[in-house]
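2 protein chains.
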Amino acid sequence: MTEKQEKILKSALELFAKEGYHATSTSKVANNAGVSEGLIFRHFKNKEGLLMAILKEGENKLNELFADIVMESDPQEVVRKAIELPFIVPESEYEFWGLQYKLKWEIEMDYSHKTEPLTMALALAFVKLNYESPQQEAEFLTLSLDAIGAALIKRSMANADKMKSFLLKKYGL
Amino acid sequence: MTEKQEKILKSALELFAKEGYHATSTSKVANNAGVSEGLIFRHFKNKEGLLMAILKEGENKLNELFADIVMESDPQEVVRKAIELPFIVPESEYEFWGLQYKLKWEIEMDYSHKTEPLTMALALAFVKLNYESPQQEAEFLTLSLDAIGAALIKRSMANADKMKSFLLKKYGL
DNA sequence: TTTTTTAATGTGAGTACTTACTTACTATTA
DNA sequence: TAATAGTAAGTAAGTACTCACATTAAAAAA
Chain A
1 MTEKQEKILK
11 SALELFAKEG
21 YHATSTSKVA
31 NNAGVSEGLI
41 FRHFKNKEGL
51 LMAILKEGEN
61 KLNELFADIV
71 MESDPQEVVR
81 KAIELPFIVP
91 ESEYEFWGLQ
101 YKLKWEIEMD
111 YSHKTEPLTM
121 ALALAFVKLN
131 YESPQQEAEF
141 LTLSLDAIGA
151 ALIKRSMANA
161 DKMKSFLLKK
171 YGL
Chain B
1001 MTEKQEKILK
1011 SALELFAKEG
1021 YHATSTSKVA
1031 NNAGVSEGLI
1041 FRHFKNKEGL
1051 LMAILKEGEN
1061 KLNELFADIV
1071 MESDPQEVVR
1081 KAIELPFIVP
1091 ESEYEFWGLQ
1101 YKLKWEIEMD
1111 YSHKTEPLTM
1121 ALALAFVKLN
1131 YESPQQEAEF
1141 LTLSLDAIGA
1151 ALIKRSMANA
1161 DKMKSFLLKK
1171 YGL
């Protein structure tokens, strides 16, 4: 990965996040990155290839975040770490994750599998904790945490800390 | 609202939902509606005006859906109706609501106020039902139901009925 | 180590096509 | 008769992408 290649990716991420994928032209990306437009196509084949590179990075980062949860054996800790997950994302990464949410709707693709590792880890934890419907409980919590993540990134949640402690209490933690 | 005006709105909704706002050109909308392109600009001023008309319609429809809940006095029924809300949306309206979700991310705007009537009704219900943190409970449920709606519209929820009865049980209904 | 060859990285001007929007005009209705 | 609804043919500015060429870096040969 050359220096200019990284600059292209960084500019594309920034602009796609700010304006949207379709609203951002390859020439804007090139200008922002300080490279010739042709270079984008040399490295990423076409505009969609550029998008895919960013999307792939998102999936990798997500799995990194999940790794800590999936490897935890104590079921109480699995639930705690899952709940805390959206709240530990630093503000500096909001732009990046905002793009991931945006693209979920902007381009058609199956995204449900991306949260599957989390749902499975939670289901197992809820089984161990003798919840009545562990699978449903896990699916519901995954969905809810996804929504909380979205609200945080959009800065539309009034009091994040309150929500976090409310949730921890709700799940007996 | 003339016949052609309605055709334009219907076509725009359909195409914006399918391809996205930025990816849909005004000429495509005009062709799909069987109308000259200029007419779009006569009636809606510009492309964004067309979008705003659709967005306004979405907010109205949402308030219609909320009306039944807000007017309910029995707190148990408020919670039940809120939980059932995403599940009663007919499949024929999925395209319409999918666009509303999509636009939430595609154009920058404050959407949090749109679900506020629901949150307030739920908060009041949870107060009456002696929940410990009624406000948090209401915000959380609103957020979760929004996520469930999104999952339904994207057809990414394996078993909707199971999720519904799980939720009703969870809230003692 | 120096020279030569090969391949990868990068450019800038061009391509054909599409974009949102305008304008000058006609048809329809109140 | 005056406003409103509607059209067809424009416009200038983008659009994603290509191509012939220049620069740089790595590998191979001397």
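If you're matching them up, the sequences are chains A and B in order.
Residue numbering for the first sequence follows my numbering, starting at 1 and increasing by one per position.
Residue numbering for the second sequence follows my numbering, starting at 1001 and increasing by one per position.
Glycine is no exception: its CB is placed at the ideal position from the N, C-alpha and C atoms.
May I ask you to list, following chain order, the residues of the stretch 79–109 of chain A that have a beta carbon less than 7 Å from some beta carbon of chain B? Those residues of the stretch 79–109 of chain A placed with their C-beta closer than 7 Å to a C-beta in chain B are Y101, K102, W105, E106, ordered along the chain.
With B/V1127 as the anchor, note down where its alpha helix (DSSP H) starts and where it stops. As a position in the second sequence, residue 1127 of chain B is number 127, starting the count at 1. Under the DSSP assignment, B/V1127 falls in the alpha helix (DSSP H) whose first and last residues are 1116–1128.
Where A/I8 sits in the DSSP three-state scheme: Taking the first residue of the first sequence as 1, we reach residue 8 of chain A at position 8. Note: A/I8 maps to helix in three-state DSSP.
Please go through the same chain and pick out, in chain order, the residues whose beta-carbon is closer than 6 Å to the beta-carbon of A/E106, but skip the five residues on each side of it. Within the first sequence, numbered from 1, the residue matching residue 106 of chain A stands at position 106. So the list reads Y21, once near-sequence residues are dropped.
For B/A1030, report the span of its alpha helix (DSSP H) as first-last. Here residue 1030 of chain B refers to the residue found at position 30 when the second sequence is read from its first residue. Looking at the DSSP string, the run of the alpha helix (DSSP H) that includes B/A1030 is 1026–1033.
List the residues of chain A whose Cβ lies closer than 7 Å to the Cβ of B/K1162, in chain order. Counting from one through the second sequence, the residue named residue 1162 of chain B turns up at place 162. Ordered by position in chain A, the residues that pass the 7 Å Cβ test against B/K1162 are Q136.
According to DSSP, is B/K1045 part of a helix, a strand, or is it coil? The sequence position of residue 1045 of chain B within the second sequence is 45, counting from 1. Correct three-state label for B/K1045: coil.
Would you please verify whether the beta carbon of A/G20 is less than 8 Å from any beta carbon of chain B? Counting from 1 along the first sequence, the entry for residue 20 of chain A is found at position 20. True, the Cβ-Cβ gap to chain B drops below 8 Å.
Strictly below 8 Å CB to CB, what residues from chain A border B/I1153? Taking the second sequence and counting its residues from 1, the one referred to as residue 1153 of chain B is at position 153. Near B/I1153 there are no residues of chain A at all, since even the closest Cβ is about 10 Å away, more than 8 Å.
Whole-angstrom distance between B/K1154 and B/F1087, CA atom to CA atom: Translated into positions along the second sequence, residue 1087 of chain B becomes position 87. Translated into positions along the second sequence, residue 1154 of chain B becomes position 154. When rounded, the distance between both Cα atoms is 13 Å.
If you measure from the beta carbon of A/E139 to each beta carbon in chain B, is any gap under 8 Å? Taking the first residue of the first sequence as 1, we reach residue 139 of chain A at position 139. Closer than 8 Å to the CB of A/E139 there is at least one CB belonging to chain B.
Give me the Cα-Cα distance between B/L1152 and B/A1160, rounded to the nearest whole angstrom. The count along the second sequence starts at 1 and reaches residue 1152 of chain B at position 152. The count along the second sequence starts at 1 and reaches residue 1160 of chain B at position 160. Using only the alpha carbons, I get a separation of about 8 Å.
What residue from B/L1085, B/A1123, B/A1150, B/K1162 has the CA that sits closest to A/Q135's CA? The residue labelled residue 135 of chain A in the question sits at position 135 within the first sequence. The shortest C-alpha separation from A/Q135 is found at B/K1162.
Where does A/I185 sit, in a helix, a strand or coil, going by DSSP? The structure shown does not extend to residue 185 of chain A, since chain A is modelled only from 1 through 173, so no value can be given for it.
Give a yes or no on whether the C-beta atoms belonging to B/I1083 and B/K1164 are separated by under 8 Å. Your numbering for residue 1083 of chain B matches position 83 in the second sequence. Your numbering for residue 1164 of chain B matches position 164 in the second sequence. Yes.
Buried or exposed for A/D74, please, with buried defined as at least 16 other CB atoms from any protein chain shown within 10 angstroms of its CB. Translated into the one-based positions of the first sequence, residue 74 of chain A becomes position 74. Exposed: under 16 other Cβ atoms inside 10 Å.
Going along the chain, which residues of its own chain have a beta-carbon closer than 6 Å to the beta-carbon of A/A121, five neighbours each way excluded? Within the first sequence, the letter at position 121 stands for residue 121 of chain A. The residues are I69, V70, V78.
Test item: CB-CB of A/L145 and A/L85 under 8 Å: As a first step, residue 145 of chain A must be located in the first sequence, where it is residue number 145. As a first step, residue 85 of chain A must be located in the first sequence, where it is residue number 85. Annotated as proximal: A/L145 and A/L85, with beta-carbon spacing under 8 Å.
Contacts that B/I1148 makes with chain A (C-beta to C-beta distance below 7 Å): Taking the second sequence and counting its residues from 1, the one referred to as residue 1148 of chain B is at position 148. Result: L143.
Using a Cβ cut-off of 8 Å (strictly closer), state whether A/A67 contacts chain B. In the first sequence, the residue the question calls residue 67 of chain A occupies position 67. No, because no Cβ of chain B sits closer than 8 Å to the Cβ of A/A67.
State the DSSP-derived secondary structure class of A/M163, mapped to helix, strand or coil. Along the first sequence, one-based indexing puts residue 163 of chain A at 163. In the three-state reduction of the DSSP assignment, A/M163 falls in the helix class, which pools H, G and I.
DSSP three-state label for A/G149, please. Position 149 of the first sequence, counted from the start, is the residue given in the question as residue 149 of chain A. Of the three classes helix, strand and coil, the one that applies to A/G149 here is helix, per DSSP.
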